[in-house]
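Novice:
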Amino acid sequence: MTRVSKRSKHSGPCGPYLSWGASLALLAVLVGASLPPSAQAQVNSQAKPLSAAVGFAIPAGDLNTAILAFAQKADLQVFYDQTKVQGLQSPGVQGNLAPDIALAHILSGTGLTFRFTGPKAIVLQKAPVSADGATLPAVEVEARASGGQNPYGPGVGYVATRTMTASKTNTSVLEIPQTINTITRAQMTAQQSQTIRNALRYAPGVWVNDDADDRLDSFTARGFSLDQYLDGLKLLSGVWAVPKVEPYMLDRLDVLEGPSSTLYGADTPAGIIDMTSKRPTETPVHEVELSTGSYGLAQGAFDLGGPANKDGTLLYRITGIARTTGTEVNDTREERVNIAPSLTWKPNPDTSFTLLTSYLHDPNGGFWDELPLQGTLLYSPTGKISPSFYTGDKNFENYNRTQWQVGYEFWHRFNDIWQVRQNFRYTNLSLEYEAVQGLSMESDNVTMTRQAYTANETLNTINLDNEAQANFSTGPVGHTLLLGIDYQHLTWNDLTRWGDAPSLNILDPDYDLPIATPAVFQNQYEIEDQIGLYAQDQLKLGRWRLLLGGREDLTSYSLLNRLTDSTSEQSPSAFTGHVGLSYIFPTGIAPYVSYSTSFSPTIGTGYDGNAFKPTTGKQEEVGIKYQPHGWNARFTASLFNLLEDNVETTDPNHANYYVQTGQVRSRGVELSAVGSPEPGLNLRASYTHLATDITQANDGTEGNELADTPNNIISGWGDYTVQQGRMTGFGFGGGVKFGGQMFATNDNTYKMPSYVIVDAALHYDLSSLGRNFEGAKLAVNADNLFNEEYLAACSSSGCQYGLGRSVIATLSYSW
């Protein structure tokens, strides 16, 4: 048995220290054993309290080395048998974590766990094993995260090794037969992400229309729009009444690519983005930050949490942010206040209830920044229209969004086999929106036609997901069985007005022209309901992993048109499935193959009066994942072939009607790498090649490529913090993203040029200046450093410029 404790600051280099450390540790055990209890209790009595977060930067490698480094940094005594750790590798750990959480990361995948035998003493022991031979988590650390990582948590560095999103069970990413990538809290912080689009710009396979309009988030994968989820529940929406999520309020974003209806119901074939809120933690969290930057940005944020009572059965978290800023478009502003209190009750190790609430208010929401094709994508004799050109009217415009959310997550384990989960959320969103928008250029190339548009929307949604999970074995086969039923409900009130507005001379704009209230365009009330029944089994036989899943969805849709006093109703249903097979090699290599399907209700009727069928998707995917032992990293490569059927296309026999004979195909390859090869160094890189085509259509687009879908996307980001020497605490980072050429519309008339964006970051841990600065950090981030002018998105009506250079400086303090 070996005990290791804090290393003296006078000890030598790492290599000699290992042998001397082992001998001294053995001597410490012998001496410690001869001391009376009172004397033993005095050892390391000046250490920090266990709940306090400690900054760890322990690289992947030899387990014994990692344990020694952990004991030194955490100022704890660790008892273990050295012969039991020989030859074992540790993934290491990085970040500010409580010592128990950090040690769980260090022991991940080693077959070892730990228990406390005193306030400052830890004993390592072999982890218990289930009937199917799988190692069971024996340490309750952050929501029972087996393998040392919490599937809801922020990950380690840029790497998340476990996920709930992909299978709705706590599963290793390596065992998921599907492409999934996670943007961790550390990456969002390093990049100072201000929007969800901003946070996803380096996500593998994701294409982001990163223009100046932040009212709606738009991103695609594999040629199709990604649906948005928060805490595993879909963010249902209207037209402009779309729930918003602030990156600062999140611990992670998981991008699950490919059809995912088997677990989540109606979705596009692209997959989903699941955003995970910050939650109460046993480790105290105290952080405040202030930011300033381009366009007069003024921002403040705070994140507070930890135990709310002495026995730790109540945990709290309250996170908030307030921001006011101008935008790249002249005479426009964005303002936001967002606060998210949450509370967790854990009466015993087998039960937890977490209340999640949020309030978000946008008294100003920027501006619709679309400009005409002439002067942006197309030539104009008057020259290019500036990205900052304002086409609106300050006297007419208004934007006011108020969003409330309240929900909970309940978990209970009955025994070693059965456990249940229930997730619920209610959302209320009201939106008032009045705007004047540019349309097109007249023949003189100086006069811009405009439209006036108003929208008053009220959205109420309910999400409820019930899950029962059983872990058991049938002979040599282990099972993780999931049975579920979920329900979604939406009511949406919409009053929209639309009409012409006075034209604008772009060379001499007059923003004080009278604008009449436009006529009512839509006045409707919509009700949507969806009930889904699903089942999934994750089977394990040796190193083989087989996933089988199926789901039946029943939906109903009712729309009251108040202008015509008519109601239309539809009740589409669909069955979707998923099957995937993986093999986990001892080296950490995992090839896989999968087939999955999706569906999305298509509302409307054809000429014959029959309701449209759901649009369906299906995908074949093969890939390989590699998660090397002893290195906090993962590499993924995948090939996919995706088809979407029952796509609406023009009815060739009846004008102004549609038929569902269209089909779209997307094929491609995706390569990604993420890891921390050295202490303080975090890297992410990816390449995606897409070949999309409209395989069936009646409108003349058959054989064309999908619009707004680049053939090639390349991105890479890295960040390094100096670990020793005079520059300790200083860090720098940067990234490059390449977006290939793409067509503006499905008729492939206009092609948008490719572009390259460079981002940069500098940061400094001020604690290196002395104890008075401990916990303080300063960061400066520059997006689009060289102010590249590019087009983020185009359509038949106009184009939107991508964001120009913006700089943000942030001072944060944590304690």
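Residues -41 to -1, 1 to 774, numbered by mature numbering (1 follows the signal peptide of the UniProt record, and there is no 0), are exactly what the sequence shown covers, in order. Note that beta-carbon positions come from the ideal geometry of N, C-alpha and C, so glycine has one too. Treat the numbers as computed from the prediction; the structure is a model and nothing was measured.
Which word fits Phe599, buried or exposed, when buried means at least 16 other C-beta atoms lie within 10 angstroms of its C-beta?
Specialist: When all chains shown are included, Phe599 counts as buried.
Novice: Apply the 10 Å Cβ neighbour rule to Phe229 and answer buried if 16 or more other Cβ atoms are within range, or exposed otherwise.
Specialist: It is Ala, not Phe, that sits at residue 229 in the sequence shown. Looking at its Cβ environment, which holds 16 or more other Cβ atoms inside 10 Å, Ala229 is buried.
Novice: Between the Cα of Leu665 and those of Lys710, Gly509, Ser645 and Ser250, spot the shortest distance and give me the residue it belongs to.
Specialist: Minimum Cα distance to Leu665 is reached at Lys710.
Novice: Do the CB positions of Pro110 and Asn140 come within less than 7 Å of each other?
Specialist: Their beta carbons are not under 7 Å apart, which means Pro110 does not touch Asn140 by this criterion.
Novice: Out of curiosity, what's the CA-to-CA distance linking Pro587 and Lys499?
Specialist: Each residue's alpha carbon lies about 21 Å from the other.
Novice: Smallest Cα separation from Pro560: which of Gly576, His320, Gly547 and Gln428?
Specialist: Looking at the Cα atoms, Gly576 is the closest of the given residues.
Novice: Would you tell me roughly how many angstroms separate the C-alpha atoms of Gly285 and Ser236, rounded to the nearest one?
Specialist: So the alpha carbons of these two residues sit roughly 27 Å apart.
Novice: Name, in chain order, the residues that DSSP records as bridge partners for His371.
Specialist: Answer is Thr310 and Val379.
Novice: If you draw a straight line from the C-alpha of Tyr385 to the C-alpha of Arg121, how long is it?
Specialist: The straight-line gap from Cα to Cα measures roughly 27 Å.
Novice: Would you call Gln187 buried or exposed, if buried means 16 or more other Cβ atoms sit within 10 Å of its Cβ?
Specialist: By the neighbour-count rule (16 or more Cβ atoms within 10 Å), Gln187 is buried.
Novice: Pull the bridge partners of Asp742 from the DSSP assignment, please.
Specialist: According to DSSP, Asp742 bridges with Ser765.
Novice: Which same chain residues end up closer than 6 Å to Gly563 when comparing Cβ atoms and leaving out the 5 residues on each side of it in sequence?
Specialist: For Gly563, where only same-chain residues beyond five positions count, the Cβ hits under 6 Å are Phe571.
Novice: Rounded to whole angstroms, what's the CA-CA distance from Leu175 to Trp199? Just pull it up for me.
Specialist: Looking at the two C-alpha atoms, the distance is approximately 8 Å.
Novice: By Cβ distance, which residues of its chain are closer than 6 Å to Glu368, with the 5 residues on each side in sequence left out?
Specialist: Within the same chain, Glu368 has close Cβ partners Thr313 and Asn382.
Novice: Tell me the rounded alpha-carbon separation between Ser389 and Val365.
Specialist: Cα to Cα, Ser389 sits roughly 15 Å from Val365.
Novice: What's the gap between the Cα of Thr138 and the Cα of Thr439?
Specialist: Looking at the two C-alpha atoms, the distance is approximately 20 Å.
Novice: For Asp186, write down the residues that DSSP places opposite it in a beta bridge.
Specialist: DSSP lists Ile231 as partners of Asp186.
Novice: Name the DSSP beta bridge partners of Ser771, please?
Specialist: Paired residue(s): Glu248 and Lys736.
Novice: Using only the alpha-carbon positions, how far apart do Val618 and Trp451 sit?
Specialist: Taking the straight line joining both Cα atoms gives about 27 Å.
Novice: Helix, strand or coil, according to DSSP, for Phe355 in the structure here?
Specialist: Looking at Phe355 - three-state DSSP - the assignment turns out to be coil, as it is neither helix nor strand.
Novice: Which ranges does the beta strand (DSSP E) cover as unbroken runs of at least 3 residues, wholly within the segment 13 to 93, from first to last along the chain?
Specialist: Counting whole runs of 3 or more residues, the segment 13 to 93 contains the beta strand (DSSP E) stretches 13 to 17, 36 to 39, 52 to 56, 71 to 77 and 80 to 85.
Novice: When burial is assigned at 16 or more other CB atoms within 10 Å of the CB, is Val715 buried or exposed?
Specialist: Val715 comes out exposed.
Novice: With burial defined as no fewer than 16 other Cβ atoms inside 10 Å of the residue's Cβ, what is the status of Asn641: buried or exposed?
Specialist: Buried.
Novice: Would you call Glu637 buried or exposed, if buried means 16 or more other Cβ atoms sit within 10 Å of its Cβ?
Specialist: Glu637 comes out exposed.
Novice: Using the Cα positions of Leu66 and Asp170, report the straight-line distance between them to the nearest angstrom.
Specialist: Cα-Cα distance, rounded: 44 Å.
Novice: Is there a Cβ of chain C sitting closer than 7 Å to that of Leu725, yes or no?
Specialist: Any reference to chain C falls outside this structure, which holds one protein chain only.
Novice: Determine, using beta-carbon pairs with one atom in the segment 210 to 225 and one in the segment 485 to 503, whether at least three such pairs fall under 8 Å.
Specialist: Touching, per the Cβ criterion.
Novice: Go ahead and label Ser765 buried or exposed: buried means 16 or more other beta carbons lie within 10 angstroms of its beta carbon, across all protein chains shown.
Specialist: Ser765 comes out buried.
Novice: How is Arg121 classed by DSSP in three states: helix, strand or coil?
Specialist: Strand.
Novice: Of the choices Ala119, Val581, Thr620 and Tyr161, whose alpha-carbon is the least far from that of Arg593?
Specialist: Out of Ala119, Val581, Thr620 and Tyr161, Ala119 has the C-alpha closest to the C-alpha of Arg593.
Novice: Label Met123 either buried or exposed according to how many other C-beta atoms from any shown protein chain fall within 10 Å of its C-beta, with 16 as the threshold for buried.
Specialist: Met123 is buried by the Cβ-count criterion.
Novice: I'd like to know whether the C-beta atoms of Ser541 and Glu134 end up nearer to each other than 7 Å.
Specialist: Cβ atoms of Ser541 and Glu134: closer than 7 Å.
Novice: State the Cα-Cα distance for the pair Gly106 and Gln428, rounded to the nearest angstrom.
Specialist: Confidence in Gly106 is poor, its pLDDT being 42 and thus under 50, which makes the residue's placement unreliable; the coordinate value appears in the next sentence. C-alpha separation (whole angstroms): 19 Å.
Novice: Please report the residue range of the alpha helix (DSSP H) in which Pro223 lies.
Specialist: As written in the sequence, residue 223 is Tyr, which differs from the Pro given in the question. Tyr223 -> alpha helix (DSSP H) spans Ser220 to Tyr223.
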